[in-house]
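So the sequence lines, in the order shown, correspond to chains A and B. Each residue of the first sequence is one higher than the last, beginning at 1 in our numbering. Each residue of the second sequence is one higher than the last, beginning at 1001 in our numbering. Beta carbons: idealized from backbone N, C-alpha and C, even for Gly.
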Amino acid sequence: MVAVLEREFFVSEILGRKVFFRKERIGRLTDVVIVETGAFPEVSNFIVDRPFGYPSLLIPWSKIALISATEIIVDDSDVATYQAAPPEGSILLKDHVLDKKILDMDDHEVEIVYDVKLVLQNDKLYASEVDFSHNRLLRRLGLKKLANWLAEQNPGERSVSWIYVQPLPEKIGAFTGNVKLNVLKENIGDIHPVDLADILEELDQQQRLAVFHQLEPEHASDTLEEVEPRVQRELIEALDTKKAADLIDRMSHAQAADVLAALPADKADELLHLIDPETAPKVQQLIDQHDEHIGLYASDKFIKLPPITIARSVIDDYRHMARDKDVVMYVYVVDADGLLLGVVDIRELIVAGRDQTLAEIMAENVISLREDATLKDALDMFERYSFRALPILDQDEHIVGVVSFKDVRGITPRLN
Amino acid sequence: MKPGKAYKLAALASAHRAKAIQLLDMGDGAGAKREDVAYLDCLGQIPSMLRHQMASFFEDCLRIKLELMRR
């Protein structure tokens, strides 16, 4: 029967503790092995690291006699009996769970496990909760006072019962890249594609692929539609081409076009040849339309000011005004309703009289693009006029965005 | 005429008008006259249907110009 000071404690509190075989010190606790036996995983072994040159020990929980505040006593004296590696498929709390990302289905966000609570019950030790709170991290770093103070300021506990934790993938310890994921509350197959897409976007590349490979084709296809283009590209690049084509084949024409339009043209063409020959031309047509729309390349982060603005105030505030803008080389002059009145090149602004209004110095005959313009229209116009940006106007001449030359330079339109 | 052109003419008109007032204050009657001609020329180019719309913009510009000149 094991003796412990507390019936509940955190795994981080016992890691690093000295381990004695009766009275002989043999090493330090480096990890805790758990096995899934029921609702809560049971601690099966302690892993003890020994001085350099000696193999680690795998000590069964049944041999642990005491866990005190400073040491762990093993009720045995024959060290050689326990020289073994953890069994395949076992979960190591420190190596596989601590500091690893976890998918929190309550918020559909990725959390980080800062600690795992252990509970002693009927002489068995169970992993009962995972803790996401920064307090636990601070405690682990030795900043107990700060952790206590923060806990007082923010009393809400951020932990979740292990009942809701499912290791993923199954062979967690054998997984390449040491990726350890857990899905809370639901099987991954039960997560709505929209939520799963959010989760995938949060993960790093290897973890994202690990989750994506777990999905059934239909679910994978639905999820692929929902993730942002950057992630779509990455997932498709990582998939076998035939599998990627199969996923795209399961989508509607419009959705398939959306996904393919996000890919480099050669990759999209390769996949188009592999999908259903009847649907491929329709998808191609949609990609062309999609690809051509100039709105895809436009930004709404540009400088627009009223015509009465004095040049000196623009020059004085320019650094502040331009800070979060994508297009900074022109100042667009608009009325109170957003009607585009003119444009001032920043170079003209600098040489203008400081007391002149923007209305005085603006070019009122603005070369612009219509909302329904294509990428080709924009490229033609950039070539013809050599502007560095072009405003996009709606049918009432209101400015709705600006396309910058640097954002379309080098892109070859599909329609020619 | 595009609204932008009307705004530009109104702004230029206000600049000429402000300059005319300044020159008159300095005793340069001939210079003030030249600026007033330019001011009227700018106003004259604004189509009548936009002139009313530009009146308040012109007044605002003129006020700001005069304030800046006084500093």
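Nearest-angstrom beta carbon gap, residue j and residue i [assumed within contact, 8 Å]
{"i": "residue 26/A", "j": "residue 48/A", "result": "7 Å"}
{"i": "residue 375/A", "j": "residue 292/A", "result": "5 Å"}
{"i": "residue 34/A", "j": "residue 93/A", "result": "6 Å"}
{"i": "residue 72/A", "j": "residue 139/A", "result": "Going by Cβ atoms, the distance from residue 72/A to residue 139/A rounds to 19 Å, so no, they are not a contact pair."}
{"i": "residue 394/A", "j": "residue 402/A", "result": "Actually they do not touch by this definition, with Cβ atoms about 13 Å apart."}
{"i": "residue 112/A", "j": "residue 101/A", "result": "6 Å"}
{"i": "residue 29/A", "j": "residue 52/A", "result": "Contact doesn't hold; Cβ gap of about 17 Å is too wide."}
{"i": "residue 311/A", "j": "residue 352/A", "result": "5 Å"}
{"i": "residue 334/A", "j": "residue 349/A", "result": "The pair is not a contact, with the Cβ atoms about 16 Å apart (cut-off 8 Å)."}
Exposure label - residue i; buried when at least 16 CB within 10 Å
{"i": "residue 1009/B", "result": "buried"}
{"i": "residue 254/A", "result": "exposed"}
{"i": "residue 223/A", "result": "buried"}
{"i": "residue 96/A", "result": "buried"}
{"i": "residue 1057/B", "result": "buried"}
{"i": "residue 232/A", "result": "buried"}
{"i": "residue 295/A", "result": "exposed"}
{"i": "residue 225/A", "result": "buried"}
{"i": "residue 1070/B", "result": "exposed"}
{"i": "residue 172/A", "result": "Its pLDDT being 45, under 50, residue 172/A is placed unreliably in this model, and the value from its coordinates should be taken loosely. Residue 172/A should be labelled buried."}
{"i": "residue 41/A", "result": "buried"}
{"i": "residue 44/A", "result": "buried"}
{"i": "residue 57/A", "result": "buried"}
{"i": "residue 22/A", "result": "exposed"}
{"i": "residue 230/A", "result": "exposed"}
{"i": "residue 136/A", "result": "buried"}
{"i": "residue 357/A", "result": "buried"}
{"i": "residue 1011/B", "result": "buried"}
{"i": "residue 208/A", "result": "buried"}
Beta bridge counterpart(s) of residue i as assigned by DSSP
{"i": "residue 124/A", "result": "121/A"}
{"i": "residue 404/A", "result": "389/A"}
{"i": "residue 1004/B", "result": "The partner list for residue 1004/B (beta bridge, DSSP) is empty, contrary to what the question assumes."}
{"i": "residue 3/A", "result": "66/A"}
{"i": "residue 114/A", "result": "According to DSSP, residue 114/A bridges with nothing at all."}
{"i": "residue 59/A", "result": "46/A"}
{"i": "residue 1067/B", "result": "DSSP lists no partner for residue 1067/B."}
{"i": "residue 343/A", "result": "332/A and 363/A"}
{"i": "residue 101/A", "result": "112/A"}
Residue i beta carbon near the ligand FAD (any heavy atom closer than 7 Å)
{"i": "residue 345/A", "result": "The ligand FAD is not part of this structure, which contains no ligands at all."}
| request: Would you check if the region 1037-1049 of chain B and the region 1010-1027 of chain B touch, i.e. whether three or more CB-CB distances between them fall below 8 Å? | output: yes
| query | Should the region 397-410 of chain A be regarded as contacting the region 1038-1057 of chain B, the criterion being three or more beta carbon pairs within less than 8 Å? | reply | no
| query | Taking only runs of the alpha helix (DSSP H) that begin and end inside the region 8-53 of chain A, which ones reach a length of at least 4 residues, in chain order? | reply | 11-14
| message | As an exercise, report each continuous beta strand (DSSP E) stretch of at least 3 residues that is fully enclosed by the region 259-330 of chain A, in chain order. | response | 302-305
| task | Run through the region 352-401 of chain A for me and flag every whole alpha helix (DSSP H) of 4 or more residues, listed as ranges in chain order. | result | 358-361 and 375-385
| query | Are three or more beta carbon pairs between the region 315-325 of chain A and the region 368-388 of chain A nearer than 8 Å? | reply | no
| query | Do three or more CB pairs link the region 1055-1070 of chain B to the region 302-317 of chain A at distances below 8 Å? | reply | yes
| said: Between the region 326-344 of chain A and the region 356-370 of chain A, can you find at least three pairs of beta-carbon atoms closer than 8 Å? | reply: yes
| Those runs of the alpha helix (DSSP H) which lie wholly inside the region 187-224 of chain A and span at least 4 residues | 193-202 and 205-214
| Considering only residues of the region 62-95 of chain A, which uninterrupted beta strand (DSSP E) runs meet the minimum length of 3 residues and lie entirely inside it, listed in chain order? | 64-67 and 71-74
| message | Which runs of the alpha helix (DSSP H) at least 4 residues long sit entirely within the region 1026-1060 of chain B? Give them in chain order. | response | 1029-1045
| Counting Cβ pairs closer than 8 Å, one from the region 233-247 of chain A and one from the region 256-272 of chain A, do we hit at least three? | yes
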